[in-house]
Ligand SMILES: *Cc1c(COP(=O)(O)O)cnc(C)c1O
């Protein structure tokens, strides 16, 4: 799960919350005859975390001795909870919430507060069995401020958000701190989440949209990639029914083997876009494969053996062909990502830079954007000769202390596990059960915290292909 430490506080009480408040008011009148609850001090929730969508059962030990209804406040939202005999807890349905994060939970009965306060953590959607991933938005905010402070003044700043949830929280923090001109996202859902969170910057989907999604793009004022004249034609047919103008970015594959048309097809595609009355050529873009610190010199010398120079020349030629045909005069030219800015390859800045990873890096472990922890579910010592994993290819020759952790989703990037400050080897990884070698941590016990890290170089670009539920802390 991912939790955000954030400033995404709710500004308005939802209609749902208001109606629940009204219900709570009725409950108070009825409940005034109920015996006053006495706090026992042992307040807890089962479970103490859940998805933003709410609707899940939360059993509350209120620490009181009432079996009458109680009003439970989750942050600003109140719910009425009846006593459940089977669990001897109050049964609440968690209210929905807009942004991930931890809220205070308090209890009232008969109109007065009872028990102690506790906390409930809202995460993005995803299985709640996976350990919480916590996002420190304070670090993202600081990175965004630093990027803006050093950013070339005549270049527009586009933020690329493709490391997944909570895309709306990231978008708000980055828009606020870096005053970005554009936010680029991989998919329409991300764009919708940004608009729903109130992001006002221009938003463009990096890849081609389904034609059936075009009315949604229009509704949410979202731009999109164009890489195919047939798509342009199909899009124009839908747009003739919606009216308005869809802004598109023409992608040129200048030698990366990914999105975009090969350079010779750029002009016909530009012509198809400009011929379509409801499409506007807002950008012409490419993406570099091999940015190095030698590139400035290589561009200076026009060394066509250099991959970046080869890509740049192909892209520039495509742009020139389009412009010479009188097309795309107002289109933004954009190509560079974090590596171009980091290496200061100024000839590749063009009109706009698309910056992704730089927003998510951190030098110091304490400032990291992502922290992910779980606990040892079991600790034991295996006897000598014991098999590890199916097939028994590598039985242990000495007794070995091991610890188990559960529900670690498989990921593109390797993970490391740290217990008691020491990184420990993985003996067996079956995803839902992992066995860690605790030989180096003799004092480790069940329940001890396990810190999970992404590999150092990939840490800032958490891949979003295996979505994790997320929550946040920080600013
Ligand atoms: C990922 C991506 C970026 C941003 O790259 P970073 O190295 O994370 O800054 C820019 N443009 C495209 C097309 C991308 O896919």
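Residue numbers (mature numbering (1 follows the signal peptide of the UniProt record, and there is no 0)): -24 to -1, 1 to 451.
Glycine included, every Cβ here is placed at the ideal spot set by N, Cα and C.
Given the structure is predicted, the values throughout are model-derived calculations rather than measurements.
Using the C-alpha atoms, what's the distance from residue j back to residue i?
i           : j           : result
residue 447 : residue 302 : 49 angstroms
residue 429 : residue 356 : 24 angstroms
residue 86  : residue 396 : 46 angstroms
residue 117 : residue 180 : 21 angstroms
residue 58  : residue 40  : 14 angstroms
residue 175 : residue 332 : 17 angstroms
residue 195 : residue 252 : 19 angstroms
residue 449 : residue 73  : 15 angstroms
residue 27  : residue 190 : 29 angstroms
residue -12 : residue 70  : With a pLDDT of only 29 at residue -12, under the threshold of 50, the placement of this residue in the model should not be trusted; the figure read from the coordinates follows. In a straight line, the C-alpha of residue -12 is about 16 angstroms away from that of residue 70.
residue 272 : residue 288 : 12 angstroms
residue 260 : residue 98  : 40 angstroms
residue 113 : residue 149 : 7 angstroms
residue 426 : residue 224 : 46 angstroms
residue 306 : residue 250 : 12 angstroms
residue 387 : residue 110 : 17 angstroms
residue 316 : residue 262 : 13 angstroms
residue 220 : residue 105 : 45 angstroms
residue 297 : residue 161 : 28 angstroms
residue 419 : residue 398 : 12 angstroms
residue 378 : residue 351 : 13 angstroms
residue 327 : residue 309 : 5 angstroms
residue 400 : residue 380 : 12 angstroms
residue 222 : residue 22  : 48 angstroms
Go ahead and pull the three-state DSSP assignment for residue i.
i           : result
residue 196 : coil
residue 336 : coil
residue 22  : strand
residue 14  : Confidence at residue 14 is low in this model, with a pLDDT of 46, below 50, so its placement is unreliable and the value that follows should be read with caution. Of the three classes helix, strand and coil, the one that applies to residue 14 here is coil, per DSSP.
residue 87  : coil
residue -4  : Residue placement at residue -4 is flagged as unreliable, the pLDDT there being 33, under the threshold of 50; a coordinate-derived value is accordingly withheld.
residue 216 : helix
residue 305 : coil
residue 282 : coil
residue 259 : strand
residue 377 : strand
residue 63  : coil
residue 73  : coil
residue 314 : helix
residue 138 : coil
residue 430 : strand
residue 289 : helix
residue 352 : coil
residue 124 : helix
residue 322 : helix
Any heavy atom of ligand 1 inside 7 angstroms of the beta-carbon of residue i?
i           : result
residue 210 : no
residue 315 : yes
residue 494 : With the chain covering only -24 through 451, there is no way to say anything about residue 494.
residue 87  : no
residue 236 : no
residue 161 : no
residue 331 : yes
residue 93  : no
residue 288 : no
residue 182 : yes
residue 156 : no
residue 138 : yes
residue 194 : no
Answer with buried or exposed for residue i, where buried requires no fewer than 16 other C-beta atoms within 10 angstroms of its C-beta.
i           : result
residue 366 : exposed
residue 233 : exposed
residue 285 : buried
residue 93  : exposed
residue 130 : exposed
residue 276 : exposed
residue 147 : buried
residue 300 : exposed
residue 62  : exposed
residue 45  : buried
Which partner residues does residue i have in the DSSP bridge list?
i           : result
residue 382 : 409
residue 178 : 158
residue 362 : Looking at the DSSP assignment, residue 362 forms no beta bridge with any residue, so it has no partner.
residue 80  : 95
residue 57  : 46
residue 37  : 20
residue 68  : 34
residue 347 : 110
residue 27  : 99
residue 274 : Looking at the DSSP assignment, residue 274 forms no beta bridge with any residue, so it has no partner.
Counting only C-beta atoms, is residue i closer than 8 angstroms to chain B at any point?
i          : result
residue 49 : Judged by its chain identifiers, the structure shown contains no chain B, having just a single protein chain.
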